[in-house]
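Here the structure comes first, spelled out in structure tokens, and everything after it is commentary.
Numbering (my numbering), first residue to last: 98 to 205.
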């Protein structure tokens with residue numbers, strides 16, 4: 098323990114008490130600084146971890162959204178090939194008439 102060390106040294110070198118107190122203060126300050134540094138490092142690591150998790154979550158949600166949209170477009174293309182009218186396809190798929198017209202152009 099730091100205090101025991103200081104007491105032992107004071108007994109051996111009583112005239113160096115002021116130097117010892119300065120040294121003890123320096124050790125205390127260094128300990129505080131090290132604690133702050135470690136706290137910051139841990140905070141950054143936790144922030145990165147949370148950011149990655151949030152990014153993965155958002156990526157999955159975006160992928161699902163894109164997959165649903167792709168499925169609607171494929172259904173619309175199949176319906177166009179079967180001869181269904183654009184308005185009916187829009188009603189069934191939820192796609193806009195404009196988007197279905199764009200898909201129809203790709204078929205031709």
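Each residue gets a CB set at the ideal place from its N, CA and C atoms; glycine is no exception. Just so we're clear, the structure is a prediction, and the values are computed from it rather than from any experiment.
Under the three-state reduction of DSSP output, residue 205 falls in the coil class, being neither helix nor strand.
Between residue 173 and residue 160, the alpha-carbon positions lie close to 20 Å from each other. Inter-segment contact for the stretch 175-187 and the stretch 146-166 is absent: fewer than three beta-carbon pairs are separated by less than 8 Å. Residue state for residue 167 is assigned as helix, using DSSP reduced to three classes. Going by C-alpha positions, residue 130 is about 11 Å away from residue 137.
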